[in-house]
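Residues -19 to 314 (my numbering) are what the sequence shown spells out, left to right. From the three backbone atoms N, C-alpha and C, an ideal C-beta is built for every residue, glycine too. Just so we're clear, the structure is a prediction, and the values are computed from it rather than from any experiment.
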Amino acid sequence: MKRQWIVGTTLFVLMSGYVWAEAVPPDEKTLKTQFNDDFAGIMRLDQISLKPVSSEGNQSTWSAEGDMSATEDLYVMAGMAADYRFMEKTWVKDQSVKFSAMIKAKGTPDSGWTTEFFSMQTAAKNMGYPLPKPDEKIKYLITTDSNFYAQLAKVEAGYGEMKDKIERSKEQEKELQKQYDDVGEKIKTFWGRDAKGEQRTRYNVQQEMLQKMYEADRQNDPLKFENNYYETVYSPALAACQAKSDCDAAPLRAERDAVVAEKKRYYVTQHQLMLEKIKTDMAELDEKVKPLSDKQTALNHERIKLAYASEDLQAEYDRWNNDITELRRRGVIK
-19 MKRQWIVGTT
-9 LFVLMSGYVW
1 AEAVPPDEKT
11 LKTQFNDDFA
21 GIMRLDQISL
31 KPVSSEGNQS
41 TWSAEGDMSA
51 TEDLYVMAGM
61 AADYRFMEKT
71 WVKDQSVKFS
81 AMIKAKGTPD
91 SGWTTEFFSM
101 QTAAKNMGYP
111 LPKPDEKIKY
121 LITTDSNFYA
131 QLAKVEAGYG
141 EMKDKIERSK
151 EQEKELQKQY
161 DDVGEKIKTF
171 WGRDAKGEQR
181 TRYNVQQEML
191 QKMYEADRQN
201 DPLKFENNYY
211 ETVYSPALAA
221 CQAKSDCDAA
231 PLRAERDAVV
241 AEKKRYYVTQ
251 HQLMLEKIKT
261 DMAELDEKVK
271 PLSDKQTALN
281 HERIKLAYAS
291 EDLQAEYDRW
301 NNDITELRRR
311 GVIK
């Protein structure tokens, strides 16, 4: 099983009862190869010296000291702020570091060796991993680099500019809102006020027109006319006719049907004329107020777009500010 350098090493406790014997150590090439395999090629064994601790059969335990180095610069994350990862360099590529360890060896020069390093202690931190490649979202700042604070200052200057941009955006939003409200007042003036002095809207103006039409419809109600015609004209004429022995009511009925049909036609025609006039009048009003409505709509779209952008910037700035404040509180950076 490959050793994960990030999590360090695990201490093994040797069992008692081993038998002392003259032990043959694994050769240096084997140790270096298996050391490299244990650490997945991230660490390299440069030099090692062994002292026997115990031996039994083809198994032996050794105390080891020597030099090791990383094949790449290794880092650990000290903290993060927004999209920035603050990395501490724990190992410098090809720079030898003193170490001590215990080694379990199994085998002989003829059969080959299997070795296991444990109880590892190094002069550098027993952790680290190669720095991932930066992408558009994740950026890295190396806290142990000599120019770290110069780089941090540039980043903070960028967030300072972001804060200024947010403030400018807020002022622009206020100005757009003022323009929007000014246009809104002009639209209110266009629609005017009703008889009670209440502000009218397009809906109110149209409803006033419709109410006049409904009143005219009530005045021209064909059913009301028909009932009145029956009562005042047709019924008396029919009664007078029926009082005669030679009464022929057919002409009376024909006249009744013609009068009622004409009234219904008149009602429908007048209703349709009034409705079309309302549509025409409202279309003319809409056309007159359209420049103001279009301007107000454009101002509102611009204001909303700016507000969303400002909210996104504010969230990004707040995340950075909160994170960097916490890193300073923890002493990760000054």
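For Ala85, the enclosing beta strand (DSSP E) has its first and last residue at 77 to 88. In this structure, the alpha-carbon of Met57 lies about 25 Å from that of Asp17. For Lys268, the closest alpha carbon among the candidates Pro112, Ser34, Arg182, Ile146 is that of Arg182. Pairing Thr124 with Glu68 gives a Cβ-Cβ distance under 8 Å. Distance from the Cα of Ala289 is smallest, within the candidate group Gly87, Phe66, Lys143, Met100, for Lys143. If you draw a 10 Å sphere on the C-beta of Pro5, you find 16 or more other C-beta atoms in it, and that means buried. Across the set Gln199, Leu307, Thr102, the C-alpha of Gln199 shows the shortest separation from the C-alpha of Val248. The beta-bridge partner set that DSSP reports for Phe66 consists of Gly59, Leu121. Here DSSP, grouped into helix, strand and coil, assigns Thr260 to helix. With a minimum length of 4 residues, the unbroken runs of alpha helix (DSSP H) contained wholly in the stretch 210 to 266 fall at 215 to 222. In the three-state reduction of the DSSP assignment, Lys31 falls in the strand class, which pools E and B.
Here the alpha carbons of Leu25 and Lys78 stand approximately 10 Å from one another.
The alpha-carbon of Gly140 is positioned some 16 Å away from that of Glu291. Cα atoms of Gln131 and Ala278: separation of roughly 42 Å, rounded to the nearest angstrom.
When DSSP reads this structure, Trp171 sits in no beta bridge, so it has no partner. Check the Cα spacing between Phe98 and each of Leu156, Cys221, Trp71, Phe19: the tightest is with Phe19.
According to the DSSP secondary-structure assignment, Tyr109 is paired through a beta bridge with Tyr55.
Membership of Asp74 in any beta strand (DSSP E) is not indicated, and neither H nor E is assigned to it by DSSP. Judged by DSSP secondary structure, Ala3 falls outside any beta strand (DSSP E); it is assigned neither H nor E. With 16 or more other Cβ atoms inside 10 Å of its own Cβ, Tyr55 counts as buried. Residue environment for Gly46: buried (at least 16 other C-beta atoms within 10 angstroms of its C-beta). Listed in chain order, the non-local C-beta contacts of Leu307 below 7 Å within the same chain comprise Gly59, Ala61, Phe66, Ile313, local neighbours out to five positions each way being set aside.
Counting along the chain, Glu188 sits inside no beta strand (DSSP E); it lies in the alpha helix (DSSP H) bounded by residues 182 to 199. For Asp47, the uninterrupted beta strand (DSSP E) run begins and ends at 39 to 50, by DSSP. When the alpha-carbon of Trp171 is set against those of Gln187, Arg148, Met254, the nearest one is in Gln187. Cβ neighbours of Ile167 within its own chain (closer than 8 Å, five residues either side excluded): Val269, Leu272, Ser273, Gln276.
The beta carbon of Gly21 sits closer than 8 Å to those of Thr51, all from its chain and outside the five residues before and after it, given in chain order. Following the DSSP letters along the chain, one finds Gly92 inside the beta strand (DSSP E) bounded by residues 92 to 102.
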